[in-house]
Amino acid sequence: MATGKRRKERRPSDFELDGDGPVYLQIERAVRSKVQSGAWPPGYRIPTEIDLMRLAQCSRATINKALTNLANAKLIVRQRRHGSHIRQSTEEHAVLGILDIRKQIEGAARTYSYEVIERRVLNAGDGSVCWPEVEPGEPLLWLLAVHRGNGEAEVIEERLIRLALAPDAEQESFKDTPPNAWLLARLPCTRLAHSISARLATGRETELLDLPRQCALLVSERRTWAESEPVTWVRLSFPGERNQFSGEFNPLNPD
Numbered sequence: 658m659a660t661g662k663r664r665k666e667r668r669p670s671d672f673e674l675d676g677d678g679p680v681y682l683q684i685e686r687a688v689r690s691k692v693q694s695g696a697w698p699p700g701y702r703i704p705t706e707i708d709l710m711r712l713a714q715c716s717r718a719t720i721n722k723a724l725t726n727l728a729n730a731k732l733i734v735r736q737r738r739h740g741s742h743i744r745q746s747t748e749e750h751a752v753l754g755i756l757d758i759r760k761q762i763e764g765a766a767r768t769y770s771y772e773v774i775e776r777r778v779l780n781a782g783d784g785s786v787c788w789p790e791v792e793p794g795e796p797l798l799w800l801l802a803v804h805r806g807n808g809e810a811e812v813i814e815e816r817l818i819r820l821a822l823a824p825d826a827e828q829e830s831f832k833d834t835p836p837n838a839w840l841l842a843r844l845p846c847t848r849l850a851h852s853i854s855a856r857l858a859t860g861r862e863t864e865l866l867d868l869p870r871q872c873a874l875l876v877s878e879r880r881t882w883a884e885s886e887p888v889t890w891v892r893l894s895f896p897g898e899r900n901q902f903s904g905e906f907n908p909l910n911p912d
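With the sequence shown counted from 1, adding 657 to any position gets you our numbering.
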């Protein structure tokens, strides 16, 4: 009778501490670094406490302290007898201000589509890109795109993505998954800065949205971070009279 061996999960050998300060803080930084680099994506099951003890050469109490802090920071989920994994969805972080345009358009019984009109790689600080949190000279992916409902342009999106954190974005078409969802599936959003303003549409915007001249737009600008690292900047422009976007924030009942 043939007997099969249970395949063991490969244990990471590149889990390195930086040697700076208390070990539990070094472990926290090492885990955050894995998440920020994309090596440990949402849903990834992290090494067991026993494995972490071996990799970090420390006590179980130290590992437990680090994992408890990471769980309290909403970065990981701990389950008894099932180990710990990277939190699956940024929605679970109860981040306010991330607008799901696809959900809004489909919720109005319209067929959603996303089209990238222009794209190129720019360098931060070259005069045309103002993103103060990013070091000058760093390569950024710039996108100009349109969100459509039933084929009609609903929202213009201008976006910058740090290629240092999401290098695969340069070759991604975003046809099936728009940048917002694509990024959230790879990097947790732990901080967000958001502003809303109103202004008149430019000539290019009136063409893209098929609007009359001098039409007013609502403009939403947003910057997001994964821990301390800026991830993306986005500007959404849409005619308020044509669209109504809404959301709810209820920390007592996140469902």
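Glycine included, C-beta positions come from ideal geometry on N, C-alpha and C.
Only a predicted model underlies this, so the values are computations on that prediction, with no experimental measurement involved.
The stretch 715-743 is shown to contain whole alpha helix (DSSP H) runs of 4 or more residues at 717-729, in chain order. For C715, same chain residues with a beta-carbon under 7 Å away, outside a window of 5 residues either side, are V680 in chain order. Cβ contact annotation for E763 (same chain, cutoff 6 Å, sequence separation greater than five): Y769, in chain order. The stretch 744-825 contains, as complete alpha helix (DSSP H) runs of 4+ residues, the segments 758-764 (chain order). Three or more Cβ pairs closer than 8 Å define a contact, and the stretch 812-826 meets that threshold against the stretch 878-889. Around the beta carbon of V778, a 10 Å sphere encloses fewer than 16 other beta carbons of the protein chains shown; the residue is thus reported as exposed. With a cut-off of 8 Å on Cβ pairs, the stretch 738-745 is in contact with the stretch 685-702, counting three or more such pairs. When DSSP states are grouped into helix, strand and coil, W697 belongs to the coil group. Within its own chain, the residues whose Cβ lies closer than 6 Å to the Cβ of P835, once the five positions on either side in sequence are excluded, are Y771, listed in chain order.
Taking a cut-off of 8 Å on C-beta distances, the stretch 859-868 touches the stretch 799-810, as three or more cross pairs fall below it. Judged by DSSP secondary structure, I703 falls outside any beta strand (DSSP E); it is assigned neither H nor E. T881 has L849, T889 as its beta-bridge partners, per DSSP. Counting along the chain, no alpha helix (DSSP H) covers A858, and no H or E run does either. Nearest to Q736 by alpha-carbon distance, out of A855, E706, F831, E775, is E706.
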